[in-house]
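Position in the sequence shown counted from 1, then plus 594, gives you our numbering. Note that the Cβ used here is the ideal one computed from N, Cα and C, for glycine as well.
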Amino acid sequence: MRAHSESILVETKKEISIQKIKNIFQNTDGIKIRDEIKNCVYPMPITASRKYSVEVGRIRNSLIFKKNGLEFFVCGNQILKGAALNNTVQIAELIMDKELGTKN
Numbered sequence: 595m596r597a598h599s600e601s602i603l604v605e606t607k608k609e610i611s612i613q614k615i616k617n618i619f620q621n622t623d624g625i626k627i628r629d630e631i632k633n634c635v636y637p638m639p640i641t642a643s644r645k646y647s648v649e650v651g652r653i654r655n656s657l658i659f660k661k662n663g664l665e666f667f668v669c670g671n672q673i674l675k676g677a678a679l680n681n682t683v684q685i686a687e688l689i690m691d692k693e694l695g696t697k698n
């Protein structure tokens with residue numbers, strides 16, 4: 595296995611819609627949503643290995659920040675995608691650009 599995982603917690607200034615975030619993730623190259631908890635489908639290193647896309651799942655509002663926060667879990671191949679690209683930063687930039695209308 596050549597994958598790493600991250601649990602991510604984001605606090606936002608505005609309320610955030612989980613459905614909008616899922617739509618953004620679903621329509622973004624390089625992200626594959628694996629978020630079917632009832633069917634035991636979520637990001638795992640074994641399923642992210644040897645793939646260029648990053649798996650994202652367990653997407654929900656934050657238990658801490660409620661509607662002003664987001665929690666999700668990601669797995670990515672550390673050689674093909676690379677931890678050096680910092681998936682967290684790339685995902686946060688996409689959310690800011692598409693959800694909040696900012697440009698980086």
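Just measuring C-alpha positions, the residue of Leu657, Ile653, Thr606 sitting nearest Ile631 is Ile653. Between Ser647 and Gly624 the beta-carbon gap is near 5 Å, inside 8 Å, which marks them as a contact. Using a Cβ distance threshold of 7 Å, Asn671 and Arg596 count as a contacting pair.
With 16 or more other CB atoms across the displayed protein chains lying within 10 angstroms of its CB, Lys626 is buried.
Taking Glu609 as the centre and dropping the five residues before and after it, the same chain places the C-beta of Lys661, Asn662 closer than 7 Å to its C-beta, in chain order. Counting other Cβ atoms within 10 Å of its Cβ, Val683 stays below 16 and is therefore classed as exposed. Residues of the same chain with a CB within less than 6 Å of the CB of Tyr636, apart from the 5 flanking positions on each side, are Arg628, Gly651, Arg652 in chain order. Remark: C-beta atoms of Glu693 and Lys614 approach each other more closely than 7 Å.
Listed in chain order, the non-local C-beta contacts of Val604 below 7 Å within the same chain comprise Gly663, Leu664, Ala686, local neighbours out to five positions each way being set aside.
The beta carbon of Ile618 is closer than 7 Å to those of Leu688, Ile689, Lys692, Glu693 in its chain, skipping five residues each way along the sequence.
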